[in-house]
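My numbering numbers the first residue of the sequence shown as 18 and each following residue consecutively. See structure below.
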Amino acid sequence: MYTWEDGLLSREDFLFQLTKLASTWEPIITNKKIGYYNVPAGFDIETSSFYDGKKVSENKRGVMYVWQFGIYNLVTYGRTWEEYKSLISMVKKILGLQDNLRLIVYVHNLPYEFQFIRKRFEWEEVFILSERKPVYANNHGIEYRCSLKLAGGKSLENVAKDLMKYKVKKAVGSLDYNLIRTSKTPLTKEELYYCEYDIRVILCYIMEKIEQDGDITKIPLTNTGYVRNYCRKNCYKRWKKYRSIIEKLVLTPEEYSQLKRTFGGGFTHANAHWVMKLLEMVGSHDFTSSYPAVMVLEKFPMSSAKLLDREVNEEELSKYLHSYCCMFDLEIYNIIPKVNNEHPISKSKCFIAQNCIVDNGRVVAASRIKLSVTEQDFFTYQEFYEWDYIIVSNFRYYEKDYLPKQFVDSILTLYERKTVLKGVEGEELDYMILKNMLNAAYGMVVTDIVRDNLDYEDDVFSKTPANIEKEIEKYNKNIRRFLFYPWGVWVTAYARANLFSGILALGNDYVYSDTDSIKTLNTEKHSDYFEKYNSEIMRKIELSSQHFGFDISRFSPLNQKGEKITIGLWDDEGIYDEFKTLGAKRYMTKRGERYSLTVAGVNKKSAMEYLEQTGNPFENFTDNLVVPPDYSKRLNLTYIDSATKGVVIDYMGNLSEYEELSSVHMEATEYSLSMSDEFISYLQGYVDFGE
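Right, dumping it as structure tokens:
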């Protein structure tokens with residue numbers, strides 16, 4: 018059984034204990050003839066950032082002053098890169114590591130540490146998903162992987178909270194990052210405790226993953242890999258039947274480009290009429306698993322697209338839009354709003370936008386716009402806008418049907434199991450796994466097919482534009498493929514349409530929305546809408562269950578209290594005593610004596626603490642609010658690719674030489690809630706077009 022004890026080991030003791038332990042370890046050999054030690058290992062560094070002279074960009078510096086390394090339950094540390102390279106050399110020797118026998122070492126935010134070590138080691142292979150963000154990097158037997166990616170972006174503090182079997186609490190606040198430290202700066206017991214526990218959290222987390230997944234070779238590179246592996250395995254239980262469906266779902270390069278233009282995420286916005294106003298008794302409703310709900314209840318593209326190479330009249334257009342999944346380029350002339358509580362069209366999605374009036378990024382009116390849309394988007398635009406005329410081009414349509422049965426079964430199973438386990442004592446671990454998998458189910462469907470080729474060779478990151486024709490051909494012929502990119506485009510289109518049904522029905526009592534939630538005044542006045550909507554969802558559930566032959570109870574599993582939790586329904590989240598919004602992703606609430614803040618890009622807990630210190634939080638939550646660096650928790654990172662060296666004085670007055678071959682300068686910054694001039698102008702000249 019895996020056990021661990023507190024305490025950092027000297028490097029000598031670490032290597033001695035490792036030698037004894039390693040004699041009992043047998044590597045697992047994969048089908049690629051590569052062996053992996055089935056033990057957790059982790060690496061982490063602590064750094065200081067400063068300016069070598071004036072506060073200008075070229076004087077930014079970042080230096081490592083302590084590193085930590087752990088294998089199984091052994092943790093050691095050192096202060097210089099020479100010490101780390103020496104340790105790694107000995108670890109390789111003890112374990113016999115080489116290109117075909119590896120130790121996976123997890124790093125919580127590999128891109129950061131990699132920037133410091135990338136010129137200090139030789140790299141056999143570096144796999145990069147996006148610029149400067151390696152997911153793994155193999156140094157001839159030491160294979161660094163990113164545990165942040167595996168944990169779905171969760172901080173080490175939150176990873177520690179989620180640990181179920183091997184409990185360890187991450188030390189928080191023991192290092193003041195504003196103090197300059199170097200490899201010669203003495204570290205207190207408390208500071209070393211902080212360093213040790215960063216590694217302990219990683220080791221315990223990976224050990225739990227090893228036991229959950231079977232062995233270390235079965236742990237995917239990213240969190241999304243779990244749901245991808247689960248769904249693929251479930252879908253291909255009846256391989257020939259499922260494969261026969263997928264083989265017919267192919268794309269063309271031109272179609273993929275249009276799909277990328279058409280795709281939109283969730284809708285987050287505020288009713289301009291209520292922006293900056295303190296409101297009382299604001300109701301809140303959330304969809305129950307919005308994206309999974311549309312995936313099991315709606316109909317999606319289930320054929321290859323057909324391109325309509327002729328003009329269609331209004332009657333034909335209506336027929337196509339109601340009979341097929343349709344995608345087309347839409348050109349609109351002299352568009353104005355029918356209603357004034359919201360404006361669905363995003364200006365950023367328009368590749369033509371002339372003479373626009375814009376409401377915090379959303380088109381209110383324009384002389385001419387052009388964008389790519391689905392039929393669901395078009396139906397919404399008809400409800401919210403009117404125009405002189407439209408021109409439709411690049412019209413593609415797909416046969417419309419439910420998603421494949423095995424795929425829907427996978428989503429429903431995840432939803433059922435998550436619901437049943439929520440709040441059940443002793444099942445917290447499985448609940449968290451299922452919750453993360455369900456949340457990731459949508460994300461895997463819209464993973465980009467065509468991405469630039471990113472590489473790291475000879476100490477240089479490079480990017481080569483992808484060949485879209487070759488990538489689409491490879492996608493179409495991939496025998497392991499079990500998804501179809503257009504499905505993801507329609508998932509969000511359906512979800513937005515559902516949200517806009519509420520925005521439209523609520524009228525000017527609508528206050529704010531965010532992807533799957535809505536805030537409203539006079540909630541009791543609109544109970545008929547919520548009841549009617551939920552009745553329609555129950556009708557769709559009945560149709561879906563009949564189509565697939567699923568027991569209808571699968572759509573409404575019971576939680577631990579014996580309550581039905583039906584997928585897709587509007588769920589009443591109660592009333593806020595007070596509510597104030599400054600626009601998209603910027604709002605504050607109060608229930609009883611408890612305040613809560615949501616602001617994109619700022620730590621909501623510490624920012625709320627700051628606002629509470631200023632007196633009346635709502636009064637100070639304004640356009641000109643500035644949250645200081647210590648409370649915003651925002652960090653500005655500068656990657657330094659050239660070597661830097663010099664002399665620095667630490668916070669104790671110690672003089673020390675430093676040298677980094679490559680590094681990162683990290684600086685806390687304030688956060689300003691200032692609105693754009695365009696949005697302020699719109700609010701000042703607010704016009705009720707619909708009146």
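Idealized CB from N, CA, C, for every residue including glycine.
What's the gap between the Cα of residue i and the Cα of residue j?
| i | j | result |
| --- | --- | --- |
| GLY87 | ASP472 | 29 Å |
| LEU118 | TYR54 | 8 Å |
| ASN551 | TRP587 | 7 Å |
| PHE706 | ASN357 | Note that PHE706 scores a pLDDT of 42, beneath 50, so its modelled location is shaky; the value from the coordinates is reported in the next line. Their backbone Cα atoms lie some 6 Å apart in a straight line. |
| SER200 | LEU678 | 16 Å |
| GLY378 | ASN155 | 43 Å |
| ARG613 | GLN630 | With the sequence shown as reference, residue 613 is identified as Ser, and Arg is not the correct amino acid for it. Spanning the two alpha carbons is a distance of roughly 14 Å. |
| SER66 | LEU192 | 14 Å |
| LYS422 | TYR656 | 47 Å |
| PHE395 | ILE407 | 11 Å |
| VAL463 | ILE227 | 28 Å |
| ALA685 | LEU25 | 30 Å |
| LYS206 | ASP23 | 12 Å |
| VAL681 | LYS72 | 16 Å |
| ARG135 | GLU142 | 12 Å |
| ALA39 | TYR194 | 36 Å |
| ASN456 | ASN175 | 17 Å |
| SER427 | CYS248 | 6 Å |
Look at residue i and residue j and say whether their C-beta atoms are less than 8 Å apart.
| i | j | result |
| --- | --- | --- |
| ARG526 | HIS543 | Reading the sequence as shown, one finds Asp at residue 526 and not Arg. Against a cut-off of 8 Å, the Cβ pair of HIS543 and ASP526 comes out as a contact. |
| GLU297 | GLU595 | yes |
| TYR593 | THR606 | yes |
| GLN229 | SER389 | no |
| LEU114 | ILE51 | no |
| LYS597 | PHE638 | yes |
Quick check on residue i: buried or exposed, where buried means 16 or more other Cβ atoms within 10 Å of its Cβ?
| i | result |
| --- | --- |
| ASP215 | buried |
| PHE317 | buried |
| ASP346 | buried |
| ASN453 | buried |
| ASP61 | buried |
| MET461 | buried |
| SER27 | exposed |
| GLU99 | exposed |
| MET692 | buried |
| GLU29 | exposed |
| ARG468 | exposed |
| LEU180 | buried |
| HIS302 | buried |
| PRO203 | exposed |
| HIS286 | buried |
| LEU196 | exposed |
| ALA660 | exposed |
| TYR668 | exposed |
| VAL704 | In this prediction, VAL704 has a pLDDT of 47, which is less than 50 and means its spatial position is unreliable; what the coordinates show is noted afterwards. The residue in question, VAL704, is exposed, as its Cβ has fewer than 16 Cβ neighbours within 10 Å. |
So, with DSSP's three-state summary, where would you put residue i?
| i | result |
| --- | --- |
| LYS557 | helix |
| ASP589 | strand |
| TYR194 | coil |
| TRP404 | coil |
| THR655 | strand |
| GLN371 | strand |
| PHE572 | helix |
| PRO309 | helix |
| THR509 | helix |
| MET605 | strand |
| PHE706 | Summary for PHE706: the model assigns pLDDT 42, below 50, so the residue's position carries little reliability, and this model does not support an answer. |
| PHE547 | helix |
| THR430 | helix |
| GLN577 | coil |
| LEU127 | helix |
| ASP447 | helix |
Would the C-beta of residue i count as close to the ligand MG, meaning under 7 Å from any of its heavy atoms?
| i | result |
| --- | --- |
| THR639 | With respect to small molecules bound, the structure shown includes none, and the ligand MG cannot be examined in it. |
For chain C, check one thing: does any of its Cβ atoms lie closer than 8 Å to the Cβ of residue i?
| i | result |
| --- | --- |
| ASP447 | Given the protein chain composition of this structure (a single chain), no chain C is represented. |
| request: Could you say if the region 434-446 and the region 230-244 meet the contact criterion of at least three C-beta pairs nearer than 8 Å? | output: No, because fewer than three Cβ pairs between the region 434-446 and the region 230-244 fall closer than 8 Å, the two stretches do not touch.
| Counting Cβ pairs closer than 8 Å, one from the region 514-522 and one from the region 477-492, do we hit at least three? | Counting Cβ pairs under 8 Å, fewer than three are found: no touch.
| query | Taking contact to mean at least 3 C-beta pairs separated by less than 8 Å, is the region 201-210 in contact with the region 45-58? | reply | Touching, no, given that fewer than three Cβ pairs across the two stretches are closer than 8 Å.
| said: For the pair the region 553-571 and the region 273-290, tell me if three or more CB-CB distances fall below 8 Å. | reply: In short, these stretches do not touch, since the Cβ pair count stays below three.
| request: Give a yes or no on contact between the region 119-139 and the region 150-169, applying the rule of three or more CB pairs nearer than 8 Å. | output: Yes, since at least three Cβ pairs between the region 119-139 and the region 150-169 fall closer than 8 Å, the two stretches touch.
| task | Could you say if the region 266-275 and the region 320-332 meet the contact criterion of at least three C-beta pairs nearer than 8 Å? | result | The answer is yes - the region 320-332 touches the region 266-275, with three or more Cβ pairs under 8 Å.
| the region 618-634 in contact with the region 644-654 per 3-pair CB rule at 8 Å | Yes, since at least three Cβ pairs between the region 618-634 and the region 644-654 fall closer than 8 Å, the two stretches touch.
| said: Check whether the region 284-291 and the region 358-373 are in contact - that is, three or more C-beta pairs closer than 8 Å. | reply: The region 284-291, when compared against the region 358-373, does touch it at the 8 Å Cβ threshold.
| field | Contact between the region 382-391 and the region 299-313 (3+ Cβ pairs under 8 Å) | value | Output reads no: the region 299-313 does not touch the region 382-391.
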